[in-house]
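Asker: Take this structure, written in structure tokens, and hold onto it; I'll ask about it next.
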Amino acid sequence: MAKALQDGRLLDLPLSTAFYKLILGQELDLYDIFSFDAELGKTLQELLVLVHRKQFLESSAGDNQQALADLRFRGAPIEDLCLDFTLPGYPEYILKEDKESTIVNINNLEEYISLVVDATVKTGIMQQMEAFRQGFNQVFDLSSLQIFSPHELDYLICGRRELWEAETLVDHIKFDHGYTAKSPAIVNLLEIMGEFTPEQQHAFCQFVTGAPRLPPGGLAALNPKLTIVRKHSSNVTNTASNGTGLSESVDDDLPSVMTCANYLKLPPYSTKEIMYKKLLYAINEGQGSFDLS
Numbered sequence: 109m110a111k112a113l114q115d116g117r118l119l120d121l122p123l124s125t126a127f128y129k130l131i132l133g134q135e136l137d138l139y140d141i142f143s144f145d146a147e148l149g150k151t152l153q154e155l156l157v158l159v160h161r162k163q164f165l166e167s168s169a170g171d172n173q174q175a176l177a178d179l180r181f182r183g184a185p186i187e188d189l190c191l192d193f194t195l196p197g198y199p200e201y202i203l204k205e206d207k208e209s210t211i212v213n214i215n216n217l218e219e220y221i222s223l224v225v226d227a228t229v230k231t232g233i234m235q236q237m238e239a240f241r242q243g244f245n246q247v248f249d250l251s252s253l254q255i256f257s258p259h260e261l262d263y264l265i266c267g268r269r270e271l272w273e274a275e276t277l278v279d280h281i282k283f284d285h286g287y288t289a290k291s292p293a294i295v296n297l298l299e300i301m302g303e304f305t306p307e308q309q310h311a312f313c314q315f316v317t318g319a320p321r322l323p324p325g326g327l328a329a330l331n332p333k334l335t336i337v338r339k340h341s342s343n344v345t346n347t348a349s350n351g352t353g354l355s356e357s358v359d360d361d362l363p364s365v366m367t368c369a370n371y372l373k374l375p376p377y378s379t380k381e382i383m384y385k386k387l388l389y390a391i392n393e394g395q396g397s398f399d400l401s
């Protein structure tokens, strides 16, 4: 990671916000668990609400014993959840050695939550993160990253998650060899690119450039500039009506690319729908292939 950052190269890594916080030396808490394990984070948060409810009842005047006994997690008493003091999903990871209180109940629930959080984002990963930070620091000075937020650091290392906005596409793409910005095929292509989901944007970027994300600065920073050229049909047939001239069946061809030059060869498909289908087919089925076109 440090070498990639030093060389200005992007990594296709689905790193969590919590991980970037740890890189920056920030302390994590329960709510950071949501960024890498939403279900565990939600469960712990709901359990913590019960703890706060219990504390409120205990601090209130009057007899609240029945209300305390009625505390439930999704309709079930805490004891019925059969939780013990091990890390969720890792039964060999013992959170507490005390054999007399291995079963979680409403009275030790707060301690259980604290131990799970500690093992998940605090002391349980301290040794590994310290080793990572030391290795990173040997290549790239971590102190120089302190000016960035976790989201900005993700942008630097992995690039933008959403790669472009529809209205800015035409400003950052070059059209050549038979195409202009007003060509019908280009108008259709820009509309299709503007309608892509983030996942389809990444797949298109991988197909055209060889990388799933754009550099910091987006399409405007891509070098060489993304270029769209007209691809002539490989299927040429005689015109049937009068026997003169040739007709190209462009709808039978697939788009092709030169990833080293960020170069897309696009046939002038007859409709937007055909272009969309051909693009998706080439993107999904053409990954990893190397052919002459």
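Numbered per this note's numbering, the sequence shown spans residues 109 to 401.
Glycine residues also receive a C-beta, built at the ideal position from the N, C-alpha and C atoms.
(1) Roughly how many angstroms lie between the CA atoms of G353 and C266, to the nearest whole one?
(2) Are the beta-carbon atoms of I202 and V159 separated by less than 8 Å?
(3) Taking the Cβ atom as the reference point for each residue, do E299 and K380 lie within a distance shorter than 8 Å?
(4) What are the start and end residues of the alpha helix (DSSP H) that includes I281?
(5) Taking 8 Å as the cut-off, does the segment 226 to 245 touch the segment 278 to 297 (at least 3 CB pairs, one atom from each stretch)?
(6) In three-state DSSP terms, what is I221?
(7) Using DSSP with H/G/I as helix, E/B as strand and the rest coil, what is F142?
(8) Check whether the segment 162 to 173 and the segment 137 to 154 are in contact - that is, three or more C-beta pairs closer than 8 Å.
(9) Looking only at its own chain, which residues have a Cβ that is under 7 Å from the Cβ of P196, when we skip the five neighbours before and after it?
(10) On the three-pair Cβ rule with 8 Å, is the segment 122 to 136 touching the segment 247 to 263?
(11) So what does DSSP say about V229, is it helix, strand or coil?
(12) Once the 5 residues before and after K385 are set aside, which same chain residues still bring their CB inside 8 Å of it?
(13) According to the neighbour-count rule (16 or more other Cβ atoms, all chains shown, within 10 Å of its Cβ), is P376 buried or exposed?
(14) Which first and last residues belong to the alpha helix (DSSP H) in which L241 is found?
(15) I want to know whether the segment 179 to 196 touches the segment 209 to 219 - three or more CB-CB distances under 8 Å.
(16) Does DSSP put D192 in a helix, a strand or coil?
(17) Could you give the first and the last residue of the continuous alpha helix (DSSP H) run that contains V295?
(18) When the Cα atoms are used, what is the spatial distance from E218 to F304?
(19) Pull up the distance between the alpha-carbon of P324 and that of L123, whole angstroms please.
(20) I need the DSSP call for S168, collapsed to helix, strand or coil.
(21) How is the alpha helix (DSSP H) around Y384 delimited, first residue to last?
(22) State the DSSP-derived secondary structure class of S341, mapped to helix, strand or coil.
(23) Provide the residue span of the alpha helix (DSSP H) that contains Y201, from first to last.
(24) Of the choices K204, L374, H310, L179, whose alpha-carbon is the least far from that of I294?
(25) In whole angstroms, what separates the C-alpha of S355 from that of S378?
Answerer: Reading from the atomic positions:
(1) No answer about G353 holds up, because its pLDDT of 41 lies below 50 and its placement is not dependable.
(2) no
(3) In this structure, E299 lies near K380, with their beta-carbon atoms less than 8 Å apart.
(4) No alpha helix (DSSP H) contains I281, which DSSP labels as neither H nor E.
(5) no
(6) Secondary structure at I221: helix, using DSSP grouped into helix, strand and coil.
(7) helix
(8) no
(9) Correct list, in chain order: L148, V224.
(10) yes
(11) helix
(12) none
(13) Under this definition P376 is a buried residue.
(14) In the sequence on display, residue 241 carries Arg and not Leu. Residues 234 to 247.
(15) yes
(16) strand
(17) 292 to 303
(18) In a straight line, the C-alpha of E218 is about 45 Å away from that of F304.
(19) 17 Å
(20) When secondary structure is reduced to three states using DSSP, S168 falls in the coil class, being assigned neither helix nor strand.
(21) 380 to 393
(22) coil
(23) Not the alpha helix (DSSP H): Y201 falls in the beta strand (DSSP E), residues 198 to 202.
(24) L374
(25) Unreliable placement is indicated for S355, whose pLDDT of 42 sits below 50; no coordinate value is reported for it.
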